[in-house]
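The structure appears below as structure tokens.
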Amino acid sequence: MQLKRTCRNVSVSILALFLGSLALPSAAQIPSVDLRNTHTPDVKTHVAVPHFENLSSWEARKKHLRDQVLSAGGLYSMPQKTPLHPQIFDRIEGDGYTIEKVLIETMPGYYLGGNLYRPKDGKQKHPAVLNPHGHWQYGRLENQPLYSGESFGVTLAQLGFVVFAYDMVGYTDTIQTPHDFANPARQLWSFTPLGLQLWNSTRGLDFLSALSDVDAQQIGMAGASGGGTQTFLLTAIDDRIQFAAPVNMVSAMMQGGDVCENAPGLRVGTNNVEIAAMFAPKPMLLVSATGDWTQNVPREEFPAIQAIYDLYGKRDDVEVVQIHENHNFNQASREAVYRFFAKRVLKRSDAASIVEKPMKAHKLQEMMATSARPLPANALSFEGVFDQWRLMGQDALKSASPGVKRTALTLALGVQWPDRVLSEQKGRELTLGRPGAGDRVSATYIPGRGTPAIVVDPAGAHAALSSETARTLLAAHRPILLLNVFQTSTAVANRDRSGAYFVTYNVSDDQARIQDIATAISFLEKSGAGVRLLDVYGTDRAALWSLLAVAASPYQINLHVQDRDLNVSDAELSTAFSLPGLNRAGGIAGARQLLPGAMRPRD
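FYI, the numbering for the sequence shown is -28 to -1, 1 to 575, going by mature numbering (1 follows the signal peptide of the UniProt record, and there is no 0).
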């Protein structure tokens, strides 16, 4: 943004007049308590289903959600894809199908295992299905009344589909990491089971698309339970999937209880129903059960998703079926998927009569890729996989534009830059809030002349007012805004953080503090008083909050902090702060490079 230095001559009378003009219409819109403290959703919070009046508003929302899912998965910006070096071996011949073992190298030294089911029909090209599994003991090879992975693959192959059934992390052949390895230090790099599985899904799709007997324009996806979560997460970020069936997972009353279904930032302000709806207008079948958290789907979630399809004029391209059973991917549920895919993809007029033939499952050793051969010699240890993930993310950012880097940081922080900021003023006391957000930012405003300054102290506005920085600014008769950012000073309040996967559904305290600084910046920038140049001062811990807010800002801002306050190690970032995804988005060094104005030692 090009700036005019005349901004420094903004008078306090104009700014004060603006503050007063906002107070009356906005007073009723800022809540008496900060909803970030009182509304802390978790896995089992019954969420509101999405509703949109028009297609343009939905498409804008969909674009943001796609970026949010990518960021939560550690895939914004998307890393470079390396050769898969696929190994396909040990063919099993069956009645109208074959099964083969598969290993693919989804990143250098890291291997994903699976099975490839193929039709024996003599055709050169086939539609294909990507098939992730849920949290059954034997994963993709589970075979019992409530789930049979092999039956699903075999039947689809007999119908004419190529199927790639692949592992969750830490299951069966994909064993270079445990299934649960999330902790704050790894979350700094967005290295989570969810992120690694989402990456594996994209690479599994790459593998399937490249097979000579697959029609790359006709690839779908189906998975149950945790595999259902993987299904709608991949369809949210990858347009190559053309038809889908998430089974027993799309729900407004439960969002997924496993670590691989939760990552920081994933469902802040959103939920699985909205994420699944992103697949519209492509054909999708919602399979639900009467005995689990999808019990309300025909009456609640399905109509909401169908309303999204309506925006495209495609309401009939989403269907629902409900099976009278507990949580499952049993034969009845599988047959619902066969029939939907046969009708929509194969255009079979007899699709409704398709049934699964009885079969005897093979032994685990006959199906596992690593049962008779070890992983390749370059297979990494767990720490090696983590190192490779970090390197992959760093390389992705190196080649990114400043705009992409700033977006990556903004997404990781969960920061919004509101077009309008609500305000209430009583004397020097000012309260700010974002329309519809339910937040409440208290501050002290002292009028003056010249460039406005925002001062942030970890002990709050009163401590900031007593600082040498404030005294210097007051002596120069500068207008200053002193913030009580989230959970500091008068903003301290009870906040229940006990819910499972808290930062999947809520911003952390530190993210909220950065948002409050961003809200204050937006308020002054949108003040209508001609303010376009700001100074932000941060002390002690608030130096990092201020740096990150200013680095993510679209405005021209001068930052005033002490270098020593930004000398924060990764160990301290993962213990004294809660900023998941920060290092994946460039870290402190990357934020400093993004500063839109000057960074000066604090006065």
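The beta carbon of each residue, even a glycine, is placed where N, CA and C say it ideally should be.
Looking only at its own chain, which residues have a Cβ that is under 6 Å from the Cβ of Glu246, when we skip the five neighbours before and after it?
Counting only Cβ-Cβ distances below 6 Å, and skipping sequence neighbours, we find Pro22.
List the endpoints of the continuous alpha helix (DSSP H) containing Tyr281.
Looking at the DSSP string, the run of the alpha helix (DSSP H) that includes Tyr281 is Glu273 to Leu283.
At what residues does the beta strand (DSSP E) containing Leu258 begin and finish?
Unbroken beta strand (DSSP E) run through Leu258: Met256 to Gly263.
Buried or exposed: Ala561, going by 16 or more other Cβ atoms within 10 Å of its Cβ?
Exposed is the label assigned to Ala561, since fewer than 16 other Cβ atoms lie within 10 Å of its Cβ.
Considering just the uninterrupted stretch of the alpha helix (DSSP H) at His434, what are its terminal residues?
Secondary structure note for His434: its alpha helix (DSSP H) is the uninterrupted segment Ala433 to Leu437.
What residue range is occupied by the uninterrupted alpha helix (DSSP H) comprising Lys377?
Run containing Lys377: Pro374 to Leu385, per the alpha helix (DSSP H) assignment.
List the whole-angstrom C-beta distance separating Asp136 from Val74, where the pair is believed to meet the contact cut-off of C-beta under 8 Å.
Correcting the residue identity first, residue 136 is Phe in this sequence and not Asp. The Cβ separation is near 7 Å, so the contact holds.
Can you give the Cα-Cα distance for Ile147 and Val141, rounded to whole angstroms?
About 7 Å.
On the premise that Lys315 lies in contact with Ala323, defined as a C-beta separation below 8 Å, what is that separation, rounded to the nearest angstrom?
Right, their Cβ atoms sit about 4 Å apart.
Quick check: Leu381 and Leu566, are their CB atoms within less than 8 Å of each other?
With a cutoff of 8 Å on beta-carbon distance, Leu381 and Leu566 are scored as near each other.
Can you tell me whether Arg63 is buried or exposed? The criterion is at least 16 other CB atoms within 10 Å of its CB, across all chains shown.
It counts as exposed.
Flag this pair as yes or no: are the beta carbons of Thr262 and Ser223 separated by less than 8 Å?
Using a Cβ distance threshold of 8 Å, Thr262 and Ser223 do not count as a contacting pair.
From Ile493 to Asn478, what distance separates their C-alpha atoms?
Take the alpha-carbon of Ile493 and the one of Asn478: they are about 22 Å apart.
Need the endpoints of the alpha helix (DSSP H) that Pro165 sits in, please.
That run of the alpha helix (DSSP H) goes Pro165 to Ala182.
Compute the distance between the beta-carbons of Ser260 and Asn220, then report whether it is under 8 Å.
With contacts defined by Cβ atoms closer than 8 Å, Ser260 and Asn220 form a contacting pair.
Cβ atoms of Arg175 and Leu84: under 8 Å apart, would you say?
It is a contact, given that the beta carbons lie within the stated cut-off.
Of the choices Ala208, Asn115, Pro3 and Pro80, whose alpha-carbon is the least far from that of Leu352?
With distances taken between Cα atoms, Leu352 lies closest to Pro80.
Could you say which of Ala431, Ala442 and Tyr527 lies nearest to Ala514 if we only look at CA atoms?
It is Ala431 whose Cα lies nearest to the Cα of Ala514.
How many Å lie between Gly510 and Phe458 at the Cα?
Their backbone Cα atoms lie some 15 Å apart in a straight line.
Considering only the beta carbon of each residue, do Gly167 and Ala384 sit closer than 8 Å?
No, these two residues do not count as a Cβ contact at 8 Å.
Considering only residues of the same chain and omitting the five flanking positions on each side of Leu445, which have a CB-CB separation below 7 Å?
Within its own chain, the residues whose Cβ lies closer than 7 Å to the Cβ of Leu445, once the five positions on either side in sequence are excluded, are Ala425 and Ile452, listed in chain order.
Who does Gly195 pair with in a DSSP beta bridge?
Under the DSSP definition of a beta bridge, Gly195 partners with Pro218.
Quick one: Cα of Trp171 to Cα of Arg33, how far?
Taking the straight line joining both Cα atoms gives about 23 Å.
In whole angstroms, what separates the C-alpha of Ala557 from that of Gln487?
Taken atom to atom, the span from the alpha-carbon of Ala557 to that of Gln487 is near 17 Å.
CB contact flag (Val134, Met331, <8 Å)
No, they are not a contact pair.
Close Cβ partners of Ala465 (< 8 Å) along its chain, the five nearest in sequence each way excluded:
Around Ala465: Val5, Asp6, Asn9 and Gln459.
Do you know offhand how far residue 637's Cα is from Gly192's?
Outside the displayed span of the chain (-28 to 575) sits residue 637, for which this structure offers no information.
Using DSSP bridges, identify the partner residues of Val292.
Per DSSP, Leu258.
Any idea what DSSP makes of Gly132, helix, strand or coil?
Correct three-state label for Gly132: coil.
Can you find at least 3 beta carbon pairs, one from the region 88 to 104 and one from the region 340 to 347, that sit closer than 8 Å?
No, the region 88 to 104 does not touch the region 340 to 347.
How long is the line joining the alpha carbons of Tyr110 and Gln337, rounded to whole angstroms?
Approximately 12 Å between the Cα atoms of the pair.
How big is the Cα-Cα spacing for Ala(-2) and Ala44?
Residue placement at Ala(-2) is flagged as unreliable, the pLDDT there being 39, under the threshold of 50; the coordinate-derived value follows with that caveat. Distance from the CA of Ala(-2) to the CA of Ala44, rounded to the nearest whole angstrom, comes to 35 Å.
What are the boundary residues of the alpha helix (DSSP H) that includes Ile452?
From DSSP, Ile452 is part of no alpha helix (DSSP H) but of the beta strand (DSSP E) over Ile452 to Asn456.
Glu396 - containing beta strand (DSSP E), residue span
Segment Leu394 to Lys398, the beta strand (DSSP E) holding Glu396.
Assigned exposure category for His98 - 16 Cβ within 10 Å defines buried
His98 comes out buried.
Taking Cβ positions, are Tyr69 and Ala129 nearer each other than 8 Å?
The answer is yes: Cβ separation under 8 Å.
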